[in-house]
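Numbering (this note's numbering), first residue to last: 2 to 284.
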Amino acid sequence: MRHPLFLCLAGAVALAGCQKSGDAEVAAALRDVNVVDETNLNDVMLTVADPNEAVAYFTRANANDPGRIDLMRGLAKSLVRATRPTEAVAAWKAVVAHENATYDDSVDLASAYIRNNQWENAEAALDAIPPTHETFERYRLEAMVADSNEEWANADSFYETAIGLTTRPAGVLNNWGFSKLTRGDYVGAERLFLDALRNDPTLFTAKNNLVLARGAQRNYDLPVVDMTQIERAQLLHTMALSAVKQGDVTIAKGLLREAIDTHPQHFEAAVRSLRALENNVSN
């Protein structure tokens with residue numbers, strides 16, 4: 002027969018063992034919850050939070066837990082959102098230097114260089130990425146770099162490849178159209194802007210660029226695309242300025258008057274443009 006004291010001690014030891022095991026499980030569970038909460042907070046900071054608040058958050062997080070590449074990426078992305086390109090370049094360079102960096106990080110570094118108007122560095126960053134890394138963002142940036150070098154054939158090839166790698170091509174179609182516009186290929190530009198609007202009828206930049214392409218061909222009729230009353234007034238103003246550039250001052254004045262009448266509020270920019278034209282004519 003075992004001694005009662007021994008049984009009590011054995012029970013106490015077992016209970017203590019269970020308690021330690023339970024504490025460990027609770028601690029592990031809490032760590033998991035904290036990771037989930039932190040991940041959710043990081044996502045919020047990278048999407049809907051004020052950009053400068055996000056920068057402050059990730060700066061503190063990096064100071065408290067240095068070397069974590071997810072936090073380093075968060076800081077770099079937040080600096081881009083906050084329109085702080087010089088700091089963003091430095092932050093992305095630190096990410097790319099990390100042992101766990103990916104080729105996507107190098108693409109983001111190239112993007113930061115472009116935002117900072119460092120085109121040669123952007124080109125070098127992209128050249129360092131193996132050609133087997135084929136992503137929409139990589140080819141979108143390659144096209145922009147080719148444009149900056151006036152390598153039009155390469156730009157067209159990269160734009161076409163980028164479009165094939167995304168389900169939302171409106172933005173890159175607009176960029177490609179603007180590239181054609183700067184080259185003087187107004188017909189090609191018009192076609193690409195229309196393609197962009199078929200993919201995203203709300204893209205006002207493409208509407209404005211489309212008007213510029215038509216105006217450069219001395220076609221002063223607004224395109225048949227979806228537009229609000231305010232957008233219509235703004236596009237008439239753009240068309241008028243294009244007419245002035247072509248030397249068609251009388252047409253420009255008519256377009257400006259129509260823009261002023263169309264806008265639901267006072268259209269100060271159009272009023273100033275019309276006043277300037279009338280003063281020039283009278284002088």
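Using N, Cα and C, we set each Cβ at its ideal position, and we do this for glycine too.
Keep in mind that this is a model prediction, so the values were computed, not measured.
- Under the rule that a run must span 4 or more residues, the alpha helix (DSSP H) segments found entirely inside the segment 44-87 read 52-65 and 70-82.
- Rounded to the nearest whole angstrom, the CA to CA distance from G172 to P224 is 19 angstroms.
- When the beta-carbon positions are compared, L211 and L195 come within less than 9 angstroms of each other.
- If you look at N175, you'll find it in the alpha helix (DSSP H) that goes A171 to R184.
- Residue range F205 to A217 is occupied by the alpha helix (DSSP H) that includes V212.
- The beta carbons of K254 and L236 sit about 17 angstroms from each other, so the pair does not count as a contact at 8 angstroms.
- About 13 angstroms separates the beta carbons of L275 and I252, which is beyond the 8 angstroms limit, so they are not a contact pair.
- Rounded to whole angstroms, the separation of the alpha carbons of V56 and A95 is 15 angstroms.
- Considered as a whole, the segment 239-269 harbours 250-263 as its complete alpha helix (DSSP H) runs of no fewer than 4 residues, in chain order.
- E124 counts as buried, since at least 16 other C-beta atoms from the protein chains shown sit within 10 angstroms of its C-beta.
- In the three-state scheme derived from DSSP, where H, G and I count as helix and E and B as strand, T133 is classed as coil.
- Counting only residues of its own chain and dropping the five nearest sequence neighbours on each side, L110 has a CB closer than 8 angstroms to the CB of V90, W93, K94, V96, V97 and A126.
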